[in-house]
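Some notes on the structure that comes next.
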Amino acid sequence: MFRTDATLSLNGIGGLRSVTGGTYPAMIWNAYMKKALKGLPIERFPEPANVNGIEPINMVDAVPTLDPSLAIPTPTPTPTPTKKR
Numbered sequence: 001m002f003r004t005d006a007t008l009s010l011n012g013i014g015g016l017r018s019v020t021g022g023t024y025p026a027m028i029w030n031a032y033m034k035k036a037l038k039g040l041p042i043e044r045f046p047e048p049a050n051v052n053g054i055e056p057i058n059m060v061d062a063v064p065t066l067d068p069s070l071a072i073p074t075p076t077p078t079p080t081p082t083k084k085r
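For the sequence shown, counting from 1, position 22 maps to 22 in UniProt numbering; every step adds exactly one.
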């Protein structure tokens with residue numbers, strides 16, 4: 001998967017309309033990592049730690065709140081004029 005002229009786009013290679021980080025690069029990385037990690041135990045990430053005196057936020061229980069002043073007002077519908085007979 002290459003072009004001899006570096007100024008040519010990779011779009012259209014392998015039947016893909018466009019090449020992005022989620023297409024061939026992701027497939028190559030996935031195949032590489034599967035082989036590199038084969039047979040190794042699955043490890044968990046460590047629990048978040050206090051960084052610079054700031055406690056980690058529990059995102060599982062976090063509830064998003066919206067500031068009403070930032071809401072987009074709903075437009076008032078304009079009545080459609082009707083013809084009288």
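Cβ atoms here follow ideal geometry from the backbone N, Cα and C, with glycine treated the same way. All values reported here derive from a predicted model rather than from experimental measurement.
Do residue i and residue j have their CB atoms nearer than 7 Å?
i, j, result
"LEU8", "VAL19", "no"
"PRO56", "PRO48", "yes"
Kindly list the residues whose CB is nearer than 7 Å to the CB of residue i, restricted to its own chain and excluding five residues on each side of it in sequence; keep chain order.
i, result
"THR23", "LEU16"
"THR65", "none"
"ARG3", "LEU10"
Spatial neighbours of residue i within its chain, please: CB distance less than 8 Å, with the 5 preceding and 5 following residues excluded, ordered by chain position.
i, result
"ASN50", "PRO56"
For chain D, check one thing: does any of its Cβ atoms lie closer than 7 Å to the Cβ of residue i?
i, result
"PRO75", "The structure shown contains no chain D, having only a single protein chain."
Review point. What residue ranges within the region 20-67 form continuous alpha helix (DSSP H) runs of no fewer than 4 residues, ordered along the chain?
Key: 24-37
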